[in-house]
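Residue 57 in this note's numbering sits at position 44 of the sequence shown, and the numbers go up by one each step.
Using N, Cα and C, we set each Cβ at its ideal position, and we do this for glycine too.
Below is one structure, written out as structure tokens, with a few remarks after it.
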Amino acid sequence: MEGGEALKRAKKMNFLLSDKSGRYKIVFQNRNGEIGYFDQKSRQEFVEHPLTLVKNDYIISEFDSSQACFIGILAGVSIEKAISSGQSPDNVGDIMNKAPKLRVVK
Numbered sequence: 014m015e016g017g018e019a020l021k022r023a024k025k026m027n028f029l030l031s032d033k034s035g036r037y038k039i040v041f042q043n044r045n046g047e048i049g050y051f052d053q054k055s056r057q058e059f060v061e062h063p064l065t066l067v068k069n070d071y072i073i074s075e076f077d078s079s080q081a082c083f084i085g086i087l088a089g090v091s092i093e094k095a096i097s098s099g100q101s102p103d104n105v106g107d108i109m110n111k112a113p114k115l116r117v118v119k
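Have a look at this one:
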């Protein structure tokens, strides 16, 4: 399959991560497993670990449902990797207890 044809097929795929209804949009995932996301309202970018995003109900609820599901899967995979690699539970706990960079001020 030639490159141009593969690109055309990829553009027609409708099962990719949707971002139709959320305030936040996933932009990338880096090699450390952190998620880069974009706030479409304030036009700011953030990079956080999936466990941090899942822990914060306000932030995760502002993603499109398919993207929130994807973040949840990544959080579960990162916990499973930490457990199977023999990392101490404190490492996972440290990530989960890390405060998100985006905070709601009322």
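Q) When the Cα atoms are used, what is the spatial distance from residue 42 to residue 36? A) For the purposes of this step, residue 42 is taken as residue 29 along the sequence shown, with counting starting at 1. For the purposes of this step, residue 36 is taken as residue 23 along the sequence shown, with counting starting at 1. C-alpha separation (whole angstroms): 18 Å.
Q) Whose C-beta lies closer than 7 Å to the C-beta of residue 67 among residues of the same chain, with five residues either side of it excluded? A) Here residue 67 corresponds to residue number 54 of the sequence shown, with the count starting at 1. Excluding residues within five positions, the ones whose Cβ falls inside 7 Å are 73, 84, 85 and 88.
Q: Under 8 Å by Cβ, that's how I've got residue 48 and residue 63 pegged, so tell me the actual separation to the nearest angstrom.
A: Reading the sequence shown from its first residue, position 35 is the one you call residue 48. Reading the sequence shown from its first residue, position 50 is the one you call residue 63. The Cβ separation is near 6 Å, so the contact holds.
Q.
What ranges does the beta strand (DSSP E) occupy inside the stretch 38-95, keeping only unbroken runs of at least 3 residues that lie completely in it?
A. 48-52 and 57-61
Q | Length of the line joining the Cα atoms of residue 77 and residue 45 | A | Here residue 77 refers to the residue found at position 64 of the sequence shown. Here residue 45 refers to the residue found at position 32 of the sequence shown. Each residue's alpha carbon lies about 23 Å from the other.
Q: Express the C-alpha separation of residue 97 and residue 91 in angstroms, rounding to a whole number.
A: Numbered from its first residue, the sequence shown carries residue 91 at position 78. Numbered from its first residue, the sequence shown carries residue 97 at position 84. C-alpha separation (whole angstroms): 10 Å.
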